[in-house]
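A quick write-up on the structure given underneath.
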Amino acid sequence: MIYLLLSVLSSTIIFIVFRLYKKFGVNTLQAIVVNYFIACTVGFFGYIEGSDFSKVPSENWFPGALMLGVLFITVFNLAAITTQKSGLSVVAVATKMSVAIPVLCGIFLYNESTGILKILGILLALVAVYLTSIKSEEGISIKKENLIFPLLVFLGSGIIDTSIKYLETSYVSETDVGLFSSTIFATAGSLGVIILIIQAFQGKLKITYKNILGGIALGIPNYYSIYFLVMALRTKGFDSSTIFTMNHVAIVTISTLVGIVLFREKLIRKNWIGLILAIISIILVANSAI
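Here UniProt numbering is used: the first residue of the sequence shown is 1, the next is one more, and so on.
Quick look at the structure:
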């Protein structure tokens, strides 16, 4: 379970970095692109030994890694559009509720275990994610014409997690986890560069040191969040539905607590209820795996 804990901690650091972007006026897109290349570099120099990079395109997992790289940058841009049109709460709910997709796939496609405790824990987790994500007593409101964007974020995020599980199970050897992760980030970063080049031709690009530093700060924990998640999925005795549920809910819980302590966020009653349900769901899902 140490890998799951490290993945959760890495993802929590990502949350902190994103919050600091707003404080220091960092251009998120530029920082995201830099972040992908930093994450790729961390993998290449820290977790890959004796690999023949020329053989990467011939690896069975290579097409899947390319697809994930495309999804990473696509979902990010969809999340940005959703934020502009419907607000941050809608993005948070769509992203975090997407855990339902890999959980259901794990149960139905991989015949993973089910039980009253596990099912109850998963249902409570989904409710907890929703309640901790909304920031007003009225809940969330989406105009009918904008509904497609959070739906795409929901599907895209769920497909990313499901694909990671599928590729990890079917094609990626333990010695290739670092190379697999780095290839995903390299693909996403390359596509991000194309977007920046288009912005440059449009006269909208202005690169600053704080955007680069923001990308470096994000890239390191971002790499580890994926690397440790893949390693957690290899933990014997734990189904992927259990890992994904505990991972998402723990990230929501710890990030919310960090928001209170470091950024003095004020929680409404629904958020507190969501936190309590999140803790209960983690206990239920964890106990169901014992």
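Virtual Cβ for every residue (Gly too), placed ideally from N, Cα, C.
With a threshold of 7 Å on Cβ separation, who are the neighbours of residue i within its own chain once the five nearest residues in sequence on each side are excluded?
i      : result
Leu233 : Lys165, Glu168, Ser240 and Ile243
Tyr3   : Phe228, Met231, Ala232 and Thr235
Gly192 : Ile32, Val33, Tyr36 and Ile73
Ile280 : Leu124
Ile216 : Val34 and Ile38
Under DSSP, the alpha helix (DSSP H) around residue i begins and ends at which residues?
i      : result
Thr114 : Note, Thr114: premise wrong, no alpha helix (DSSP H); not H, not E.
Thr208 : Unbroken run through Thr208: none, as it is neither H nor E.
Arg269 : Arg269 to Ser288
Val8   : Ile2 to Phe24
Pro57  : No alpha helix (DSSP H) holds Pro57; DSSP gives it neither H nor E.
Tyr166 : Ile148 to Ser170
Thr95  : Leu88 to Met97
Ile194 : Val177 to Phe201
Thr253 : Ser240 to Phe263
Residue i and residue j: beta carbons closer than 8 Å?
i           : j      : result
Ser255      : Thr12  : yes
Val26       : Gly214 : yes
Val230      : Val177 : yes
Ser7        : Phe263 : no
Ala125      : Ala278 : yes
Tyr223      : Ala39  : yes
Gly274      : Ala100 : no
Ser225      : Phe44  : no
Leu20       : Ile184 : no
Ile16       : Val249 : no
Ala289      : Phe238 : yes
Ile282      : Met246 : yes
residue 304 : Gly219 : An answer regarding residue 304 cannot be provided, because it is not within the stretch 1 to 290 covered by the chain.
Ile122      : Val285 : yes
Ile268      : Glu137 : yes
Leu131      : Lys270 : yes
Lys85       : Asn146 : yes
Leu196      : Val56  : no
Does the beta-carbon of residue i have 16 or more other beta-carbons within 10 angstroms, so that it is buried, or is it exposed?
i           : result
Trp272      : exposed
Ile207      : exposed
Lys118      : buried
Ile134      : buried
Ser54       : exposed
residue 319 : In this structure the chain extends from 1 to 290, so residue 319 is not present and cannot be described.
Thr28       : buried
Could you pull out every residue in the same chain whose Cβ sits closer than 8 Å to the Cβ of residue i, ignoring the five residues on either side in sequence?
i      : result
Leu78  : Phe149, Leu152, Val153 and Gly156
Lys210 : Phe24, Gly25 and Val26
Gln202 : none
Looking only at its own chain, which residues have a Cβ that is under 6 Å from the Cβ of residue i, when we skip the five neighbours before and after it?
i      : result
Pro221 : Ser10, Ile13 and Ile14
Ile116 : none
Between residue i and the ligand FMN, is there a pair consisting of the residue's CB and a ligand heavy atom that are separated by less than 7 Å?
i      : result
Lys210 : Looking for the ligand FMN in the displayed structure turns up nothing, as the structure carries no ligands at all.
Does the structure place the segment 71-91 close enough to the segment 177-197 that three or more beta carbon pairs sit under 8 Å?
yes
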